[in-house]
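Colleague:
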Amino acid sequence: MNLENLKEESKEDKSMQVKDYNLSQKKTDQSNSETKTVENTQESSEKSEKDLLTSNDKLPVEPTSPTKPEASQNNINNNESIKEKSPDSESRKPFIAGQDITSRPPKSDPERMNNHIQNLIKEKKAHLKKIANLEDQVNQLRKDLSANNTRVPKTEKMIDIFSTAQENAEKYFDNIKNLADAEMEKAKKSAEETITNANQKAQKVLALAEKKALYIQEKASEQALELQKKNGIMMQETERYKSSIEAQLNEAKAKIETSENQANEKAERIIIKAKEDAANILTEANMKLELANKKHDQIIGRAEDQVEHIVSCARTEYEGLRSLIDKSSLQYIELCKDLSDFDYLYSFTETINSQPDEDDSESDSGETKEN
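The sequence shown begins at 2 in my numbering and counts up one residue at a time.
1) Hey, Ala-279 and Ile-246 are a contact pair by Cβ (cut 8 Å); roughly how many whole angstroms apart?
2) Where does Cys-314 sit, in a helix, a strand or coil, going by DSSP?
3) Can you tell which of Glu-184, Ala-286, Ser-222 and Lys-338 has its C-alpha closest to the C-alpha of Glu-112?
4) Pick out whichever of Thr-259, Ile-326 and Lys-243 has its Cα sitting closest to the Cα of Thr-284.
5) Take the Cβ of Val-206 as the centre, count every other Cβ of all protein chains shown within 10 Å, and call the residue buried at 16 or more, exposed below.
6) Sort Asn-232, Glu-309 and Gln-167 by Cα distance to Leu-215 and report the nearest one.
7) Please look up how many angstroms separate the CB atoms of Leu-228 and His-297, rounded, as I've assumed it's under 8 Å.
8) Look at the Cβ atom of Ala-188, then the Cβ atom of Ile-132, and state whether they are nearer than 8 Å.
9) Nearest-angstrom Cα distance between Gln-141 and Asn-116?
10) Which full runs of the beta strand (DSSP E) of 3+ residues lie inside the region 166-201, going along the chain?
11) Measure the alpha-carbon distance for Ala-210 versus Ile-326 and round it to whole angstroms.
12) Checking 8 Å against the spacing of the C-beta atoms, do Leu-322 and Lys-289 come in under that value?
13) Buried or exposed: which applies to Ala-127, given that a residue is buried once 16 or more other Cβ atoms fall within 10 Å of its Cβ?
14) Name the residue from Lys-130, Gly-233 and Lys-213 whose alpha carbon lies nearest to the alpha carbon of Glu-291.
15) Below 8 Å between beta carbons: does that hold for Ala-286 and Thr-239?
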């Protein structure tokens with residue numbers, strides 16, 4: 002796509018250069034034609050002055066006086082007809098050139114437009130200088146003719162042509178300037194519109210991101226509170242199990258102390274085993290609680306890190322939090338399964354409680370046999 006765009010831009014630049022070259026050639030041709038016309042007018046004026054001088058020397062003054070108003074009227078009529086014809090013929094050419102210039106698609110480069118406008122202004126100034134020089138020459142011709150009290154229709158025609166050319170040139174350059182100003186205003190408006198649209202879109206995106214981040218933070222805090230509640234419940238349950246185990250051990254000790262001497266050895270062995278099992282169970286429970294607390298702290302730390310990272314990546318971190326919550330729920334289920342081992346301890350204490358009764362019954366039966 003970039004190569005195609007570059008090719009298109011190069012083609013457009015070439016076409017612009019060709020058009021500018023053609024316009025420059027046309028302008029040079031026009032300037033050459035104007036200089037030629039000026040030279041021709043000067044030569045014709047000099048010839049007419051010489052002819053008039055010779056005619057004034059040869060002819061008497063009285064018979065020529067009544068013919069002057071007729072000649073002046075004819076010249077005036079001819080000049081009026083030329084004025085009526087010349088604006089249409091001369092004014093169409095610059096407007097056609099202006100249409101060729103404006104028919105091109107406007108460029109988005111403001112520097113290029115400014116350079117183009119400056120070049121047009123320079124050309125206008127140069128053209129106006131040429132017109133001023135022509136006006137000076139025409140005024141000089143008028144002075145010379147007024148000094149001789151003669152009027153040449155060709156010079157008046159040229160004066161009219163130059164005046165119409167000046168008016169058409171001013172209109173032409175004014176139209177070009179207005180078109181260039183309009184194009185610059187359009188470009189500025191389009192740039193401002195694009196900037197405002199981009200700012201509005203960016204503000205909308207930021208607002209949505211902030212809303213999503215707040216929503217995810219609220220969910221993360223709720224989930225952290227739920228995990229804390231679950232961990233508190235687990236701690237309470239473990240404390241209950243500990244208290245029940247200690248109570249059962251105390252009851253077993255009391256029963257063993259109150260039992261007979263024959264059951265003391267068995268009771269001591271059972272107590273030792275019970276203590277060892279209880280110690281093992283307690284150590285395992287403590288280890289599991291520590292692991293649960295560590296996992297809880299890790300989950301909270303991860304949740305905080307993820308909440309900070311969620312501001313930039315809301316969607317991805319939301320899925321990460323969901324996966325962490327699923328893992329914590331699985332860990333909770335595993336802890337519940339591990340805590341079900343306390344039921345085994347409870348059944349073990351029941352067996353301890355039942356054994357002294359059996360020993361008592363055995364001793365009673367032995368005594369009866371001896372009797």
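Idealized CB from N, CA, C, for every residue including glycine.
Modeller: Answer, in terms of the structure:
1) 6 Å
2) coil
3) Glu-184
4) Lys-243
5) exposed
6) Measuring from the Cα of Leu-215, the nearest candidate turns out to be Glu-309.
7) 6 Å
8) For Ala-188 and Ile-132, no; Cβs fall outside 8 Å.
9) One C-alpha to the other measures close to 37 Å.
10) none
11) 23 Å
12) no
13) Label assigned to Ala-127: exposed.
14) Gly-233
15) yes
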